[in-house]
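Each residue of the first sequence is one higher than the one before, starting from 1 at the first, in our numbering.
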Amino acid sequence: MADSNTSLHFGELNSDEQLFRMRHSAAHILAEAVLEMFPDAKYAIGPPVDDGFYYDFELPRSLTPEDLDALQTRMTQSVSANLSISGEQISKESAREIFINQPYKLELIDDIEDDTVGHFRHGEFQDLCRGGHTETTGQVGAFKLDRIAGAYWRGNENNTMLQRIYGLLFTTQDELDEYQELREQARQNDHRRLGRELDLFSTQEDYGPGLIYWHPKGARLRIEIEDAWKKAHTEGGYDLVFTPHIGRSTLWETSGHLDFFAEGMFSAMDVDGDDYYLKPMNCPFHIQIYKNTLRSYRELPMRLAELGTVYRYERSGVLHGMLRVRGFTQDDAHIICTPEQLDDEVDGVVNFVLELLGLFNFQNVSATLSTRPEKAVGDSAQWDRAEAALKDAIERAGLTYEVEAGGGAFYGPKIDFHLTDTLGRKWQCSTVQFDFNLPERFDMSYVGEDGESHRPFMVHRALFGSIERFIGILIEHYGGAFPLWLAPVQASIIPIADRHLEHAEAVANKLKQAGIRLTIDTAKERMGNKIRRAQLQKVPYMLIIGDREAEADAASVRTRSGEDLGEIVTDNLVEKLITEIRSGQQNIV
RNA sequence: GCCCCCAUAGCUCAGUGGCAGAGCGCGUUCUUGGUAAGAACGAGGUCAUGAGUUCAACUCUCAUUGGGGGCUCCA
């Protein structure tokens, strides 16, 4: 446990540490304000976070937004008083006396292993705390209480639900304002908003939450992505398959899903007296394809890939746009291989992930390696082997990664790759998971060089994770302004007057023959308005057709970034667009 | 699932215990134009659903459904 912070001065601190202390002190000041407002409040914990701080409380009533304003005002008073913040180590006994009426603090004290605990105070306020504070309450910078949320005590859903107050805090008011401004801009890129504005997808709230309807433009985006995926997989040595959407209960009994994943599955449907289930995963089906005949080591590695649509019962509170849904399509594949092939296969998958994400210009991909949990199937030698294969692959690829010790599934270790949405929330997309369970349960085998039967290794992997989630993130990533090859509408042809329609159609035909997706805006509107409409739809190119262009068999080209490329002869325009489309697609492999 | 908030036109949102509103979008007509909004007129609503309180409920209360922010979960 850290001791008092008073020996350090701000000048010696790097700014991260300084900000951390400001946020931590602000949390204390918040707790002080809450205790003034509610003398009976029970206060729990209040750490700094990425954009500020929070503190959890048990209160006699629910907080309202007005309460936040009042609390903010009280906090400001404490800041103005510029009280000195001091800390010391005290015995657990004296701590228990101080916090005699604070059950959460007492629980924390009990769990601290040292003989002494940290005790911090400013003015009348005191808190159990390991330290890391500013010297006075006047040094906390610019803050704004932001929102109220619920949070379980110690993150356990069996415990009391506390009220959490989040505050934003930055060194200066300018930085705080800037952060709030940026956050507001980020909201403009929310995929749910853009999905509606750009007519990409919808959910039908009356007819089942968490189910995505792909509108023509969203479907086009998806088709382009799936086509690229299929091409890359075919070239990458995968075999594409299709499997059923439902299976008899016997399949799910063998796979263990009815034992371990029943809560995540939709209820059974009766078919001729048997229970059938919608698939929550594709694995058991791919395994059937493998097991359909006796396999030789010569056939391995076998890589079976499918854009497999699965349905999972997700609890209502977790659904979120396209990012967490109840029906989604995994770009799933199962690699079945010999132990000798393992390292190459894992390398191949990790590189494939990076190539595919590279196609969409995702930067700063971070990985998590999750290792053996306490309850696990398979022997430890296998686990060691698999974990080493994953770790080596990730290091050879030069990725930064975190290790989540014990975070693996009971059936095998895994690597996850996370992408970040517009509001900074991380979502698991790509994943590479070993499975020591299903090969056993389904008694998978191959005949080795030695003529004996062997158990193969099996790796689950998904590059996008789910098409829905990936495209949701992708919409935010591009802010709806997709690169030309992905744009649902690549060009909008804008005739200036009705007499230019004929040439507009001639240009359209040439572009269409080259496979370019376009619309002709024939509305009885001014050109300026048509440009505006195309602009709002984030159409990459606007092709203006007037007298001059009709004369020259050309179009005046405007980009959605507002650039005027001037008049381009139609044939050259086709060439230009095709080149740009191909270069976008060929970012891959 | 849990805590809090929310639900009014296709969208974004005002509003009141006593006749339902705006902007955008949509339709019609006029306008035929040169790089982000031409004009006029018009159509759109069981104010999410169900119960309750009231002379009277879109408005207050409760429940349900759905949405949002978190928490938990995501073998």
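Glycine is no exception: its CB is placed at the ideal position from the N, C-alpha and C atoms.
Contact check, residue i vs residue j, beta carbons under 8 Å
i: I246; j: Y207; result: no
i: L278; j: P209; result: no
i: F20; j: G167; result: no
i: W623; j: D347; result: Nothing about residue 623 can be reported from this structure: the residues present for the chain run from 1 to 589 only.
i: A554; j: V574; result: no
i: R326; j: R312; result: yes
i: L543; j: I493; result: yes
i: R469; j: V349; result: no
i: R455; j: P488; result: no
i: R164; j: A151; result: yes
i: A70; j: G46; result: no
Coil, strand or helix - residue i by DSSP
i: F470; result: helix
i: Q163; result: strand
i: L577; result: helix
i: Y43; result: strand
i: H133; result: coil
i: I494; result: strand
i: R147; result: strand
i: G412; result: strand
i: Q428; result: strand
i: E402; result: strand
i: T293; result: coil
i: R461; result: strand
i: V241; result: coil
i: L71; result: helix
i: I100; result: coil
i: E157; result: coil
i: G528; result: helix
i: V318; result: helix
i: L200; result: coil
i: G264; result: helix
Cα-Cα separation between residue i and residue j, rounded to whole angstroms
i: E253; j: K375; result: 20 Å
i: E306; j: F464; result: 12 Å
i: R298; j: I336; result: 12 Å
i: S583; j: W214; result: 27 Å
i: R560; j: A491; result: 10 Å
i: S556; j: I578; result: 17 Å
i: I109; j: A409; result: 33 Å
i: A393; j: F328; result: 28 Å
i: F120; j: E340; result: 58 Å
i: F436; j: A388; result: 15 Å
i: G203; j: G218; result: It is Thr, not Gly, that sits at residue 203 in the sequence shown. Taking the straight line from one Cα to the other gives about 13 Å.
i: T116; j: E36; result: 28 Å
i: A405; j: R372; result: 7 Å
i: D564; j: S430; result: 39 Å
i: Q102; j: F417; result: 41 Å
i: A550; j: L194; result: 35 Å
i: A41; j: S94; result: 21 Å
i: R192; j: T338; result: 44 Å
i: R499; j: K231; result: 43 Å
i: T136; j: H24; result: 12 Å
i: L399; j: S370; result: 15 Å
i: E113; j: K414; result: 33 Å
i: D227; j: G546; result: 37 Å
Start and end residues, beta strand (DSSP E) containing residue i
i: H119; result: 116-122
i: G566; result: 564-569
i: T522; result: Note, T522: premise wrong, no beta strand (DSSP E); not H, not E.
i: M22; result: That residue, M22, is in no beta strand (DSSP E); its alpha helix (DSSP H) goes 15-37.
i: G327; result: 327-337
i: E306; result: 302-311
Enclosing alpha helix (DSSP H) for residue i [first to last residue]
i: D190; result: Neither: D190 is in no alpha helix (DSSP H) and is coded neither H nor E.
i: D259; result: 257-260
i: Q382; result: 380-396
i: I85; result: Run containing I85: none; DSSP gives neither H nor E here.
i: G218; result: 216-235
i: I112; result: Unbroken run through I112: none, as it is neither H nor E.
i: L357; result: 342-359
Buried versus exposed, by CB contacts within 10 Å (16 or more), residue i
i: V271; result: exposed
i: T422; result: buried
i: D127; result: buried
i: E32; result: buried
i: K105; result: buried
i: E181; result: exposed
i: R532; result: exposed
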